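**Student:** Can you keep this structure in mind? I'll have questions shortly.
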Amino acid sequence: MQFTPFPPRLDDEEEEKKPEAAEKAPSHVVEKHLFDARTVLITGPINQDLARSTAARLLALGQVSADPITVIVSSPGGHVESGDMIHDMIRFVDAPVNMVGTGWVASAGALIFVSVPRERRFCTPNTRFLLHQPSGGMGGPATDIGIQAREILKMRARLNAIFAAATGQPIEKIDKDTDRDYWMGPDEAIAYGLLGRIITTAADLRG
Numbered sequence: 000m001q002f003t004p005f006p007p008r009l010d011d012e013e014e015e016k017k018p019e020a021a022e023k024a025p026s027h028v029v030e031k032h033l034f035d036a037r038t039v040l041i042t043g044p045i046n047q048d049l050a051r052s053t054a055a056r057l058l059a060l061g062q063v064s065a066d067p068i069t070v071i072v073s074s075p076g077g078h079v080e081s082g083d084m085i086h087d088m089i090r091f092v093d094a095p096v097n098m099v100g101t102g103w104v105a106s107a108g109a110l111i112f113v114s115v116p117r118e119r120r121f122c123t124p125n126t127r128f129l130l131h132q133p134s135g136g137m138g139g140p141a142t143d144i145g146i147q148a149r150e151i152l153k154m155r156a157r158l159n160a161i162f163a164a165a166t167g168q169p170i171e172k173i174d175k176d177t178d179r180d181y182w183m184g185p186d187e188a189i190a191y192g193l194l195g196r197i198i199t200t201a202a203d204l205r206g
């Protein structure tokens with residue numbers, strides 16, 4: 000790592016830094032308001048960094064009080080084990096969690112979405128849902144490829160069992176539907192058992 004020494008401090012340089020500091024301030028304000036509102040955002044690809052920050056927020060909010068937490072998720076999916084971590088942490092905290100899907104709730108994002116009871120699963124009107132089987136790049140010696148293939152099959156069976164329990168659909172139907180990309184709009188997701196209710200405002204969530 001290259002070390003860059005600090006330049007001599009001059010009053011005019013300090014003044015020049017103030018606007019930059021001011022630009023960063025709103026993000027801290029937003030974080031504070033989100034924390035005070037007991038709201039956690041899960042957006043973008045699911046990865047280990049996102050899982051860690053989400054778990055930290057959930058645990059902190061759970062420590063503050065047992066009042067409900069709102070989790071808003073919009074994600075194309077990503078790393079399954081990171082999705083597992085968030086899924087399990089949502090179930091781990093004592094505070095009840097309301098899940099709100101918006102944009103798209105896909106793959107590992109859908110795994111996170113079903114971590115709460117159906118009556119606590121909500122979405123905004125233009126949300127799309129995607130269920131599908133896990134995939135992964137396989138390489139290396141033939142024996143390692145065989146191990147990876149077996150692990151993917153075990154992962155698929157585990158995830159399908161989670162979605163079957165969350166939706167009330169027979170495991171055979173989940174197996175068939177997730178063999179390819181299975182897209183649903185809000186009304187279809189309600190009929191499927193994935194979604195509890197469509198909401199349009201924050202007041203709808205409180206009601």
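Just so you know, we're using numbering that gives the first Met the number 0 here: the sequence shown kicks off at 0 and counts up by one.
Built from N, CA and C at the ideal position, the CB exists for glycine as well.
The structure displayed is predicted, hence computed values, not measured ones.
So, do the segment 39–47 and the segment 81–93 have three or more beta carbon pairs nearer to each other than 8 Å?
**Tutor:** Touching, per the Cβ criterion.
**Student:** Shortest alpha-carbon distance to residue 104 belongs to which of 201, 90, 148 and 180?
**Tutor:** Stepping through the sequence shown from its first residue, residue 104 is reached at position 105. The shortest C-alpha separation from residue 104 is found at 180.
**Student:** Can you grab the Cα-Cα spacing for the pair residue 24 / residue 31, in whole Å?
**Tutor:** Counted from its first residue, the sequence shown places residue 24 at position 25. Counted from its first residue, the sequence shown places residue 31 at position 32. In this predicted model, residue 24 has a pLDDT of only 47, less than 50, meaning its place in the structure is not dependable enough to derive any value.
**Student:** By Cβ distance below 6 Å, which residues in the same chain neighbour residue 86 in space, the five residues on each side in sequence not counted?
**Tutor:** Start at 1 with the first residue of the sequence shown, and residue 86 comes out as number 87. For residue 86, where only same-chain residues beyond five positions count, the Cβ hits under 6 Å are 110, 111 and 114.
**Student:** Give the secondary structure of residue 105 by DSSP, where H, G and I count as helix, E and B as strand, and everything else as coil.
**Tutor:** Within the sequence shown, residue 105 is the residue found at index 106, counting from 1. The answer is strand: DSSP assigns residue 105 an E or B state.
**Student:** At what residue ranges does the segment 51–131 contain a whole run of the alpha helix (DSSP H), taking only runs of 4 or more?
**Tutor:** If we require 4 residues or more, the alpha helix (DSSP H) runs fully inside the segment 51–131 come out as 79–91 and 107–112.
**Student:** Can you tell me whether DSSP reads residue 198 as helix, strand or coil?
**Tutor:** Residue 198 sits at position 199 when you count from the first residue of the sequence shown. In this structure, residue 198 counts as coil in the three-state DSSP scheme.
**Student:** Closer than 8 Å is the cut-off here; do at least three beta carbon pairs connect the segment 60–77 with the segment 148–159?
**Tutor:** Short answer: they don't touch.
**Student:** Restricting to Cα atoms, I'd like to know which of 193, 187 and 126 is closest to residue 159.
**Tutor:** Along the sequence shown, one-based indexing puts residue 159 at 160. Checked all of 193, 187 and 126; the closest Cα to residue 159 is 193.
**Student:** Apart from the five residues on each side of it in sequence, which residues of its chain come closer than 7 Å, Cβ to Cβ, to residue 90?
**Tutor:** For the purposes of this step, residue 90 is taken as residue 91 along the sequence shown, with counting starting at 1. So the qualifying residues of the chain are 114.
**Student:** So what does DSSP say about residue 166, is it helix, strand or coil?
**Tutor:** Taking the first residue of the sequence shown as position 1, residue 166 is located at position 167. Three-state result, residue 166: helix.
**Student:** Under DSSP, the alpha helix (DSSP H) around residue 41 begins and ends at which residues?
**Tutor:** What you label residue 41 is simply residue 42 of the sequence shown in a count that begins at 1. Note, residue 41: premise wrong, no alpha helix (DSSP H); beta strand (DSSP E) at 38–42.
**Student:** Here's the rule I'm using: 16 or more other beta-carbon atoms within 10 Å means buried, otherwise exposed. How should residue 108 be labelled?
**Tutor:** The residue you call residue 108 lines up with position 109 of the sequence shown. The residue in question, residue 108, is buried, as its Cβ has 16 or more Cβ neighbours within 10 Å.
**Student:** Across which residues does DSSP place residue 183 in a beta bridge pair?
**Tutor:** Within the sequence shown, numbered from 1, the residue matching residue 183 stands at position 184. Looking at the DSSP assignment, residue 183 forms a beta bridge with 128.
**Student:** How many Å lie between residue 65 and residue 34 at the Cα?
**Tutor:** Here residue 65 corresponds to residue number 66 of the sequence shown, with the count starting at 1. Here residue 34 corresponds to residue number 35 of the sequence shown, with the count starting at 1. If you take the alpha carbons of residue 65 and residue 34, they lie about 14 Å apart.
**Student:** What's the gap between the Cα of residue 185 and the Cα of residue 122?
**Tutor:** The count along the sequence shown starts at 1 and reaches residue 185 at position 186. The count along the sequence shown starts at 1 and reaches residue 122 at position 123. Rounded to the nearest angstrom, the two C-alpha atoms are 7 Å apart.
**Student:** Quick check: what's the CA-CA separation for residue 92 versus residue 27?
**Tutor:** One-based indexing of the sequence shown puts residue 92 at position 93. One-based indexing of the sequence shown puts residue 27 at position 28. The straight-line gap from Cα to Cα measures roughly 24 Å.
**Student:** Does the beta-carbon of residue 100 have 16 or more other beta-carbons within 10 angstroms, so that it is buried, or is it exposed?
**Tutor:** The sequence position of residue 100 within the sequence shown is 101, counting from 1. Counting Cβ neighbours within 10 Å, residue 100 comes out buried, since at least 16 surround it.
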